[in-house]
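What follows is a set of notes on a single structure, which appears directly below.
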Amino acid sequence: MDIKLELPQDDLPLMANTSHILVKHYVLDLDVDFKSQIIEGTLVLFFQPGNRYRKKSSSTEETCRSESNEACKFRMPEPCHVPVTNTRTFSSKMRYNDFAICGKGEKKTPGKDGNHDNGGQASGISSSKYCCDTGIHGSEDFLLVLDCCDLSVLKVEEVDVAAVPGIEKFTRSPKLSVVSELRNQIVHELVTLPADRWREQLDYYACCSQAPGCGELLFDTDSWSLQIRKTGAQTATDFPHAIRIWYRTKPQGRSVTWTSDQSGRPCVYTMGSPINNRALFPCQEPPVAMSTWQATVRAAASFVVLMSGENSAKPTQLREGSLSWHYYVTMPMPASTFTIAVGSWTEMKPETCSSNDLAAEISFSTSEADFRYAGICGHVEYPCRFQNTSATTQEIIPHRVFAPVCLKGACQQTLLQLLSPCLSAAHSVLGTHPFPRLDVLIVPANFPSLGMARPNKEKTGHMSDSGSSVIKHGLNPEKVFMQVHYLKGYFLLRFLAGRLGDNTYFSFLRKFVHTCHGQLILSQDFLQMLLENIPEEKRLDLSVESISRDWLESSGLPQPLQTELQAGAECRLVRQVDAEVAKWNQLNRRPRKRKRRGTEEVFEKLLPDQLVLLLEHLLEQKTLNPRTLQSLERTYHLPQQDAEVRHRWCELIVKHKYTKAYKHVEKFLQEDQAMGIYLYGELMVHEDARQQRLARTCFELTKELMDRCSAQVVAEMLF
Numbered sequence: 003m004d005i006k007l008e009l010p011q012d013d014l015p016l017m018a019n020t021s022h023i024l025v026k027h028y029v030l031d032l033d034v035d036f037k038s039q040i041i042e043g044t045l046v047l048f049f050q051p052g053n054r055y056r057k058k059s060s061s062t063e064e065t066c067r068s069e070s071n072e073a074c075k076f077r078m079p080e081p082c083h084v085p086v087t088n089t090r091t092f093s094s095k096m097r098y099n100d101f102a103i104c105g106k107g108e109k110k111t112p113g114k115d116g117n118h119d120n121g122g123q124a125s126g127i128s129s130s131k132y133c134c135d136t137g138i139h140g141s142e143d144f145l146l147v148l149d150c151c152d153l154s155v156l157k158v159e160e161v162d163v164a165a166v167p168g169i170e171k172f173t174r175s176p177k178l179s180v181v182s183e184l185r186n187q188i189v190h191e192l193v194t195l196p197a198d199r200w201r202e203q204l205d206y207y208a209c210c211s212q213a214p215g216c217g218e219l220l221f222d223t224d225s226w227s228l229q230i231r232k233t234g235a236q237t238a239t240d241f242p243h244a245i246r247i248w249y250r251t252k253p254q255g256r257s258v259t260w261t262s263d264q265s266g267r268p269c270v271y272t273m274g275s276p277i278n279n280r281a282l283f284p285c286q287e288p289p290v291a292m293s294t295w296q297a298t299v300r301a302a303a304s305f306v307v308l309m310s311g312e313n314s315a316k317p318t319q320l321r322e323g324s325l326s327w328h329y330y331v332t333m334p335m336p337a338s339t340f341t342i343a344v345g346s347w348t349e350m351k352p353e354t355c356s357s358n359d360l361a362a363e364i365s366f367s368t369s370e371a372d373f374r375y376a377g378i379c380g381h382v383e384y385p386c387r388f389q390n391t392s393a394t395t396q397e398i399i400p401h402r403v404f405a406p407v408c409l410k411g412a413c414q415q416t417l418l419q420l421l422s423p424c425l426s427a428a429h430s431v432l433g434t435h436p437f438p439r440l441d442v443l444i445v446p447a448n449f450p451s452l453g454m455a456r457p458n459k460e461k462t463g464h465m466s467d468s469g470s471s472v473i474k475h476g477l478n479p480e481k482v483f484m485q486v487h488y489l490k491g492y493f494l495l496r497f498l499a500g501r502l503g504d505n506t507y508f509s510f511l512r513k514f515v516h517t518c519h520g521q522l523i524l525s526q527d528f529l530q531m532l533l534e535n536i537p538e539e540k541r542l543d544l545s546v547e548s549i550s551r552d553w554l555e556s557s558g559l560p561q562p563l564q565t566e567l568q569a570g571a572e573c574r575l576v577r578q579v580d581a582e583v584a585k586w587n588q589l590n591r592r593p594r595k596r597k598r599r600g601t602e603e604v605f606e607k608l609l610p611d612q613l614v615l616l617l618e619h620l621l622e623q624k625t626l627n628p629r630t631l632q633s634l635e636r637t638y639h640l641p642q643q644d645a646e647v648r649h650r651w652c653e654l655i656v657k658h659k660y661t662k663a664y665k666h667v668e669k670f671l672q673e674d675q676a677m678g679i680y681l682y683g684e685l686m687v688h689e690d691a692r693q694q695r696l697a698r699t700c701f702e703l704t705k706e707l708m709d710r711c712s713a714q715v716v717a718e719m720l721f
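Here the sequence shown stands for residues 3 to 721, where the numbers follow our numbering.
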């Protein structure tokens, strides 16, 4: 089924019919294979009908792409190898091996409950009445639509959750005669368990994910979605509430990057690409589709698996040379927040590592007795740390740091020393940490520094009754590198802090976090709440409308920021930079002749931010001679500074064709690929043959490691 949206090439469709049905929990069971650069396994989804689902609908905005009545075809899986995995999860109490997962072609004997395989429905369906409906009108079947791209879907089946031992506790009406209704009722009871039973809930999710299949489902894929239906299930309520998808990723999939770390060892990670995680697993992409998840990932024993879970996973030995890792999340979040990184990472441990770290994690992440102390939260129910008396006073949550082995020393000396003070400072300003733990990973050089940004959903353009929508220009690779909205947002927050005063502003931020944690909040909601919580005399001319107009919707520098820039010129640190700029300009104008040692210029030591400002001022100069550039390099040790400083230094090198330092540009383009995108443009714009040759050579060396958006943008610059 291709949905006819008449989309421009760079618009991103969100296809999932979230108004009709919502994923409440994902269970992933995956194998990572670096040789084939494929992640494969199963995904089990647990559903609940959406709040806006309507029994009757006279029309739908979604139509077949073909207007010539070409039938949309649903199919059963093509003959293929479906891996049967022996999943082990965090709970040793559950007897997962009691279940045999049905592979393709396996037949089940009908049992007392009437379960049977629907292999007889394996033929493709060529009837246009099934092609467009994501709701219900007439006698058509309900169609589940998931966001999916760059995946090979092998098989889809309903899961027989009723076969799980002990699951009968979740059936309010054990005398239900329709088995499908019984299964759906079990899932409904499971997904609506109270928060203080979250561990039991995770255990049963794991058990259900290993239950046998009870009938293959018809499915089809197009460029942006996976569509699934069950014959006779006419509404979201009738559709199976637990299904299993067998699939594998593709090496070129846009949600995962297979690359090498700074030590040259292979690794893979999810990236904040325009399509988020839909090329990692079929999911519901719109942020409104909040869900929990748990994942078991297997990889060779030489690799470490990190994920955005709430637990500090420890590996389990499966067989010689293979380890299994299990992570889970109990806070419902958008599917785009699911992250994974697999590589030969080394864990950095502080010299004064507390032996109580693990005990602290257990105390704060698994305690069930404390979730009742505070007022009512505004989010859906989950085991919230804001309702845990111990967690609210925990200034520093347990944390781990991982990095390539070649960066171990730098991380040990610098990063480890900063984390505890930063976590403590965040707690002092914002209050309770929303998560029980933190993993920090030094990502590979090609990691795109901007990503996972989602626009206001009101601005996405097309919106259908089913919940599908379109993000305008979401696939435009150049948009990834346009940072204006990030910078203006940052300066807006600084402006508000200056206008209101630090005490008032930070007091509000703490209240905002406490009130809105666990919820999706728009910028307008934040601004409205801010204005409602500050004294009348401090609001002055501020309003949600004026702030949005001046800061978020208008081009160019907002007037308050221009005023602030003028006032900033009086800052002591800025004046110090101005004085140094004058010295360098004077040095640059001097004729080249030997000077007596006593008349040499003395330059002040500058902070990194001051160095950035200094180099930006010098970039405004029409010419800087090689002697001046050489002195700059020696005085401030520019090749050893941070990436922001080195980026400006490389811009100076390119602008003034300082050939002796071209090696610094080459190094930057290869080791700081995300920031290096702009330098490629600088190298090409001067139409200098040597600089253009340098740009093309560096691109040839790095293009296979670059993320797709970066490579596409650079290729358009160079060729």
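Virtual Cβ for every residue (Gly too), placed ideally from N, Cα, C.
Assigned with DSSP and collapsed to three states, residue 180 falls in coil, not helix or strand.
The bridge partners DSSP lists for residue 551 come to none.
Three or more beta-carbon pairs drawn from the region 585 to 593 and the region 622 to 630 are found closer than 8 Å, and the two stretches are therefore classed as touching.
Out of 527, 501, 519 and 378, the CA that lies nearest to the CA of residue 541 is found in 501.
Under the Cβ criterion (8 Å, minimum of three pairs), the region 687 to 700 does not count as touching the region 247 to 267. Between residue 142 and residue 212 the beta-carbon gap is near 33 Å, outside 8 Å, which marks them as no contact. Under the three-state reduction of DSSP output, residue 587 falls in the helix class.
A contact between stretches requires three or more CB pairs, one per stretch, nearer than 8 Å, and the region 305 to 315 fails this requirement with the region 13 to 33. Residue pairing of residue 300 in beta bridges, as defined by DSSP: 33 and 326. Short of 8 Å from the beta carbon of residue 621, and not among the five residues preceding or following it, lie these beta carbons of its own chain, in chain order: 650, 653, 654 and 657. For the pair residue 471 and residue 148, the CB atoms are not nearer than the 8 Å cut-off.
Distance check between residue 229 and each of 439, 18 and 167 places 18 closest, using alpha-carbon atoms only. Residue 468 sits close to residue 22, with the two beta carbons spaced by under 8 Å. Going by DSSP, residue 504 is part of the alpha helix (DSSP H) stretching over 504 to 518. Taking a contact as a CB-CB distance under 8 Å, the pair residue 154 and residue 250 counts as one, their CB atoms being some 5 Å apart. Bounds of any alpha helix (DSSP H) do not take in residue 473; it lies within the beta strand (DSSP E) bounded by 471 to 473. Residue 476 counts as buried, since at least 16 other C-beta atoms from the protein chains shown sit within 10 angstroms of its C-beta. For residue 700 against residue 671, the beta-carbon gap comes to about 4 Å, under 8 Å, which counts as contact.
Looking from the CA of residue 337, the closest CA among 197, 278, 49 and 407 belongs to 278. Rounded to whole angstroms, residue 428 and residue 439 show a C-alpha spacing of 14 Å.
Closest option to residue 298, judged by alpha-carbon separation, among 330, 202 and 267: 330.
Looking at the backbone, the Cα of residue 29 and that of residue 312 are separated by about 15 Å. Taking residue 611 as reference, the option from 586, 639, 633 and 646 with the minimal CA-CA separation is 646. Contact annotation: residue 380 and residue 521 have beta-carbon atoms nearer than 8 Å. Around the CB of residue 721, fewer than 16 other CB atoms lie within 10 Å, so the residue is classed as exposed.
As for any beta strand (DSSP E) of minimum length 3 sitting wholly inside the region 383 to 435, the runs are 401 to 405, ordered along the chain. Pairing residue 195 with residue 382, the inter-Cα distance amounts to about 12 Å. Residue 40 and residue 617 have their C-alpha atoms spaced approximately 44 Å apart.
For residue 159, the three-state secondary structure derived from DSSP is strand. Within the same chain, and ignoring the five residues on either side of residue 549 in sequence, the residues whose Cβ sits closer than 6 Å to its Cβ are 529. Listed in chain order, the non-local C-beta contacts of residue 27 below 7 Å within the same chain comprise 48, 193, 207, 293, 294 and 295, local neighbours out to five positions each way being set aside. Judged by beta-carbon spacing, residue 267 lies within the 8 Å limit of residue 346, meaning their Cβ atoms are closer than that value.
DSSP, reduced to helix, strand and coil, places residue 573 outside both helices and strands of the structure shown, so it counts as coil. Linking residue 494 to residue 553 through their CA atoms gives a straight-line distance of about 7 Å. Residue 412 sits exposed, since fewer than 16 C-beta atoms from the chains shown fall within 10 Å of its C-beta. For residue 248, same chain residues with a beta-carbon under 7 Å away, outside a window of 5 residues either side, are 44, 84, 156 and 157 in chain order.
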